[in-house]
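A.B. asks: Let me give you the structure first, and then I'll get to my questions.
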Amino acid sequence: MRYFRNAKYHKPQGPIYIFLGGEWTITPGLLSTGLTHDMAVENGGILFYTEHRYYGQSWPYENNSLSVKHLKYLSLQQALADVAHFIQYQKSHSDNLKKSKVILIGGSYSGSMAAWMTHLYPELVTAAWASSAPLLAKADFYEYMQMVENSLTVSYGANCTQRLEQGFKHLVKLFNENKTNELLSRLNACPTYNASDRLDRITFFSGINNYFAWVTQSYSAYLPALCETLLLHQSSDAEALQTFLELLYSVDQRWNEYDCQDFSYKSMLQLFSESSDQSLGTRAWFYQTCSQFGWYTTTSSSSNISTSSTGSSFGNEVPLWYFEQLCRDAFGPEQSPAALALGIVQMNSEFGGDAFDHSLRYRQVLFTHGELDPWRALGCQNGHQALVIPGYSHVEDLASINVLDSVPMNLAKLRVMSFLRRHFEAI
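Take the position in the sequence shown, starting the count at 1, then add 206; the result is the number in our numbering.
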């Protein structure tokens with residue numbers, strides 16, 4: 207396990223702050239800025255940033271780490287055991303840390319890990335802060351796109367999502383009537399794309415969904431501007447989304463990022479192939495979703511593409527079976543829907559899913575969520591150890607207290623600091 211360390215502010219037996227890495231490559235900058243850093247400065251703590259196995263440079267089998275036979279060692283339980291061993295090692299190899307309290311911090315999946323660590327290794331962890339952490343493993347995560355729709359409505363208004371809905375209906379109509387040639391030409395689609403192929407069709411709509419999901423999750427401050435752009439076009443409601451997409455993909459052309467836009471299933475599968483860039487972590491993360499978590503952002507709750515929509519503004523073109531097919535094609539027939547279902551049952555049975563009792567499982571954890579974050583649908587949002595911050599999205603509370611932030615955001619950060627301090631100061 208690779209890790210970074212900052213002992214600049216540490217006083218003997220001061221608290222140990224460990225920011226857990228998730229499905230990404232860790233960088234040292236997090237140890238010199240942000241709320242975790244500020245807490246270490248205030249309380250004489252030492253900072254660590256750990257890297258998750260199979261991500262970044264923490265590859266157990268070097269260039270062969272992503273082969274199917276080696277991926278079997280990539281699991282949540284193994285990752286938590288790595289963290290437990292790390293804590294034990296650091297405390298046993300430094301006299302200045304032997305009596306230190308351990309505080310875990312994480313965001314998104316690593317926030318879930320921080321919470322799950324307190325359940326599995328309560329003797330090692332004093333308290334944890336879980337930002338934007340999903341707790342319920344679930345294959346058919348249709349609520350995600352519903353939350354994206356809700357966030358667009360909250361940020362701008364129903365006229366934005368209504369125009370989106372009409373736009374998706376227009377695109378579906380073009381596909382149903384085999385009239386996609388002009389659309390695909392304007393979007394600079396690669397000539398190998400086959401609009402009549404069911405998997406290619408789903409990949410096209412999934413890609414559009416992913417764009418709106420990406421902006422909502424990672425750049426929520428731009429949601430009003432996104433809606434303004436969508437609504438400013440003088441075209442009809444039905445054609446506005448197509449015009450928006452033409453503008454979006456023309457930017458890629460101007461930057462020469464791609465010769466053409468590859469909307470094919472083959473291109474999607476290639477992202478998860480064994481030869482994909484390990485530093486991106488795409489194959490490793492997809493394996494974790496295929497084996498234990500699910501979390502697939504569907505817009506149809508059934509394998510039938512014609513079923514009623516579950517995320518109405520985004521149509522009903524992306525069913526669960528599409529992701530199940532990707533799992534099998536990426537990792538072989540053993541990565542079946544039944545195998546995932548078993549993994550999910552085991553996950554929720556071991557860690558409580560979303561039906562946990564603070565007094566028994568997670569009394570040492572403070573959960574924070576952004577109101578606009580689609581992931582909060584699977585996290586803890588109720589009770590005295592959960593905060594939902596109005597007007598923000600995914601892991602936006604990890605930064606330092608800032609006068610430019612809203613009052614509720616800064617109050618939430620003060621609450622985090624107080625909660626963690628209360629735990630490590632307790633006898």
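Yeah, the Cβ is synthetic: ideal placement off N, Cα and C, and Gly gets one too.
How should residue 631 be labelled, buried or exposed, when 16 other C-beta atoms within 10 angstroms of its C-beta is the threshold for buried?
C.D. replies: On the sequence shown, residue 631 is found 425 positions in, with the first residue counted as 1. In the assembly as shown, residue 631 is an exposed residue. Its beta-carbon has fewer than 16 other beta-carbons within 10 Å.
A.B. asks: Since residue 573 and residue 559 should fall inside the 8 Å C-beta cutoff, what is the C-beta to C-beta distance between them, to a whole number of angstroms?
C.D. replies: Counted from its first residue, the sequence shown places residue 573 at position 367. Counted from its first residue, the sequence shown places residue 559 at position 353. Not a contact, Cβ separation roughly 14 Å.
A.B. asks: Whole angstroms are fine: how far does the CA of residue 252 sit from the CA of residue 215?
C.D. replies: Taking the sequence shown and counting its residues from 1, one reaches residue 215 at position 9. Taking the sequence shown and counting its residues from 1, one reaches residue 252 at position 46. One C-alpha to the other measures close to 7 Å.
A.B. asks: How long is the line joining the alpha carbons of residue 380 and residue 445, rounded to whole angstroms?
C.D. replies: For this step, residue 380 is matched to residue 174 along the sequence shown. For this step, residue 445 is matched to residue 239 along the sequence shown. Residue 380 and residue 445: Cα-Cα distance of roughly 11 Å.
A.B. asks: Considering just the uninterrupted stretch of the beta strand (DSSP E) at residue 501, what are its terminal residues?
C.D. replies: Position 295 of the sequence shown, counted from the first residue, corresponds to residue 501. In the DSSP annotation of this structure, the continuous segment of the beta strand (DSSP E) that includes residue 501 starts and ends at 500-502.
A.B. asks: Would you mind sorting residue 291 into buried or exposed? The rule is 16 or more other CB atoms within 10 Å of its CB.
C.D. replies: In the sequence shown, the residue the question calls residue 291 occupies position 85. Flag for residue 291 reads exposed.
A.B. asks: Return the CA-CA distance between residue 602 and residue 383, expressed in angstroms with no decimal places.
C.D. replies: Residue mapping note: residue 602 aligns to position 396 of the sequence shown, counting from 1. Residue mapping note: residue 383 aligns to position 177 of the sequence shown, counting from 1. Their backbone Cα atoms lie some 43 Å apart in a straight line.
A.B. asks: Using 8 Å as the threshold, is the C-beta distance between residue 578 and residue 422 below it?
C.D. replies: Taking the first residue of the sequence shown as 1, we reach residue 578 at position 372. Taking the first residue of the sequence shown as 1, we reach residue 422 at position 216. Taking 8 Å as the Cβ cut-off, residue 578 and residue 422 qualify as a contacting pair.
A.B. asks: Check whether the stretch 592-607 and the stretch 366-381 are in contact - that is, three or more C-beta pairs closer than 8 Å.
C.D. replies: Taking a cut-off of 8 Å on C-beta distances, the stretch 592-607 does not touch the stretch 366-381, as fewer than three cross pairs fall below it.
A.B. asks: Do residue 490 and residue 226 have their C-beta atoms closer together than 8 Å?
C.D. replies: Within the sequence shown, numbered from 1, the residue matching residue 490 stands at position 284. Within the sequence shown, numbered from 1, the residue matching residue 226 stands at position 20. Cβ atoms of residue 490 and residue 226: not closer than 8 Å.
A.B. asks: Taking one C-beta from the stretch 404-411 and one from the stretch 335-350 each time, how about it: are there three or more such pairs within less than 8 Å?
C.D. replies: Because the criterion of three Cβ pairs below 8 Å is not met, the stretch 404-411 and the stretch 335-350 do not touch.
A.B. asks: So what's residue 334 in DSSP terms, helix, strand or just coil?
C.D. replies: Position 128 of the sequence shown, counting from 1, holds the residue named residue 334. In this structure, residue 334 counts as strand in the three-state DSSP scheme.
A.B. asks: Could you spell out the range, first to last residue, of the beta strand (DSSP E) harbouring residue 222?
C.D. replies: Mapped onto the sequence shown, residue 222 falls at position 16. Taken as a continuous stretch (DSSP letters only), the beta strand (DSSP E) holding residue 222 covers 222-226.
A.B. asks: So residue 571 and residue 587 are in contact, right, with Cβ under 8 Å, and what is the actual spacing, rounded?
C.D. replies: In the sequence shown, residue 571 corresponds to position 365, counting from 1. In the sequence shown, residue 587 corresponds to position 381, counting from 1. That belief does not hold up - the Cβ atoms of residue 571 and residue 587 are roughly 13 Å apart, past 8 Å.
A.B. asks: What's the C-alpha gap between residue 246 and residue 390?
C.D. replies: For the purposes of this step, residue 246 is taken as residue 40 along the sequence shown, with counting starting at 1. For the purposes of this step, residue 390 is taken as residue 184 along the sequence shown, with counting starting at 1. Whole-angstrom Cα-Cα distance: 53 Å.
A.B. asks: Tell me which residues share the same chain as residue 509 and place their Cβ nearer than 8 Å to its Cβ, disregarding the 5 neighbours each side in the sequence.
C.D. replies: For the purposes of this step, residue 509 is identified with residue 303 of the sequence shown, where counting begins at 1. Because the pLDDT at residue 509 is just 39, under 50, the model does not fix this residue reliably, and the value given afterwards should be weighed accordingly. Cβ within range, chain order: 525, 526 and 527.
A.B. asks: Going straight from the alpha carbon of residue 418 to that of residue 278, what length do you get?
C.D. replies: Position 212 of the sequence shown, counting from 1, holds the residue named residue 418. Position 72 of the sequence shown, counting from 1, holds the residue named residue 278. Between residue 418 and residue 278, the C-alpha separation is close to 33 Å.
A.B. asks: Figure out for me which residue from 620, 521, 433 and 569 has the closest Cα to the Cα of residue 328.
C.D. replies: Mapped onto the sequence shown, residue 328 falls at position 122. The shortest Cα separation from residue 328 among 620, 521, 433 and 569 belongs to 569.
A.B. asks: Measure the alpha-carbon distance for residue 318 versus residue 593 and round it to whole angstroms.
C.D. replies: In the sequence shown, counting from the first residue as 1, residue 318 sits at position 112. In the sequence shown, counting from the first residue as 1, residue 593 sits at position 387. Those two C-alpha atoms are separated by around 15 Å.
A.B. asks: Check residue 514 in the structure and name its three-state DSSP category.
C.D. replies: As a first step, residue 514 must be located in the sequence shown, where it is residue number 308. Annotation note: pLDDT 48 at residue 514 (below 50); position unreliable, no value reported.
A.B. asks: Round the Cβ separation of residue 229 and residue 315 to the nearest angstrom and send it over; I've been treating them as touching at under 8 Å.
C.D. replies: The residue you call residue 229 lines up with position 23 of the sequence shown. The residue you call residue 315 lines up with position 109 of the sequence shown. With 8 Å as the limit, residue 229 and residue 315 qualify as a contact, their Cβ atoms being about 6 Å apart.
A.B. asks: Can you say whether residue 501 is buried or exposed, counting buried as having 16 or more other CB atoms within 10 angstroms of its CB?
C.D. replies: Here residue 501 refers to the residue found at position 295 when the sequence shown is read from its first residue. The residue in question, residue 501, is buried, as its Cβ has 16 or more Cβ neighbours within 10 Å.
A.B. asks: From 208, 576, 349 and 434, pick the residue whose C-alpha is nearest to that of residue 364; which is it?
C.D. replies: In the sequence shown, residue 364 corresponds to position 158, counting from 1. Comparing Cα-Cα distances from residue 364 to each of 208, 576, 349 and 434, the minimum goes to 434.
A.B. asks: Locate the beta strand (DSSP E) running through residue 293, then write down its first and last residues.
C.D. replies: For this step, residue 293 is matched to residue 87 along the sequence shown. No beta strand (DSSP E) contains residue 293, which is instead part of the alpha helix (DSSP H) from 282-298.
A.B. asks: For the stretch 258-269 against the stretch 348-355, are there 3 or more C-beta pairs whose distance is under 8 Å?
C.D. replies: no
A.B. asks: So residue 429 packs on residue 518, CB below 8 Å; how close in whole Å?
C.D. replies: For the purposes of this step, residue 429 is taken as residue 223 along the sequence shown, with counting starting at 1. For the purposes of this step, residue 518 is taken as residue 312 along the sequence shown, with counting starting at 1. That pair is no contact at about 18 Å.
A.B. asks: Using CA coordinates, which residue listed in 617, 581, 612 and 622 is at the minimum distance from residue 355?
C.D. replies: Position 149 of the sequence shown holds residue 355. If we check each option's Cα against that of residue 355, 581 comes out closest.
A.B. asks: Per DSSP, residue 344 forms a beta bridge with which residues?
C.D. replies: Numbered from 1 along the sequence shown, position 138 holds the residue referred to as residue 344. 500.
A.B. asks: The alpha helix (DSSP H) with residue 436 in it runs from where to where?
C.D. replies: As a position in the sequence shown, residue 436 is number 230, starting the count at 1. DSSP places residue 436 in the uninterrupted alpha helix (DSSP H) bounded by 429-438.
A.B. asks: Roughly how many angstroms lie between the CA atoms of residue 616 and residue 610, to the nearest whole one?
C.D. replies: Taking the first residue of the sequence shown as 1, we reach residue 616 at position 410. Taking the first residue of the sequence shown as 1, we reach residue 610 at position 404. Going from the Cα of residue 616 to the Cα of residue 610 covers about 9 Å.
A.B. asks: Please give the ranges of any alpha helix (DSSP H) in the stretch 307-333, keeping only runs that are unbroken, at least 4 residues long and fully inside the region.
C.D. replies: 315-326
A.B. asks: For the putative contact between residue 469 and residue 399, defined by C-beta atoms under 8 Å, what is the C-beta separation to the nearest angstrom?
C.D. replies: The sequence position of residue 469 within the sequence shown is 263, counting from 1. The sequence position of residue 399 within the sequence shown is 193, counting from 1. That pair is a contact at about 5 Å.
A.B. asks: Cutting at 7 Å between CB atoms, please list the residues of its own chain near residue 511, excluding the five before and the five after it.
C.D. replies: Counting from 1 along the sequence shown, the entry for residue 511 is found at position 305. Confidence at residue 511 is low in this model, with a pLDDT of 44, below 50, so its placement is unreliable and the value that follows should be read with caution. Contacts found: 523 and 525.
A.B. asks: Spell out the partners DSSP gives residue 252 in its beta bridges.
C.D. replies: Numbered from 1 along the sequence shown, position 46 holds the residue referred to as residue 252. Paired residue(s): 222.
A.B. asks: Among the candidates 583, 629, 244 and 478, whose CA atom is the shortest distance from the CA of residue 274?
C.D. replies: For the purposes of this step, residue 274 is identified with residue 68 of the sequence shown, where counting begins at 1. Nearest option by C-alpha distance: 478.
A.B. asks: Which same chain residues, not among the five before or five after residue 515, have their C-beta less than 8 Å away from its C-beta?
C.D. replies: If you number the sequence shown from 1, residue 515 lands on position 309. Bear in mind that a pLDDT of 48 at residue 515, under 50, signals an unreliable position, so the number given afterwards is only what the model happens to contain. Contacts found: 505, 506, 521 and 522.
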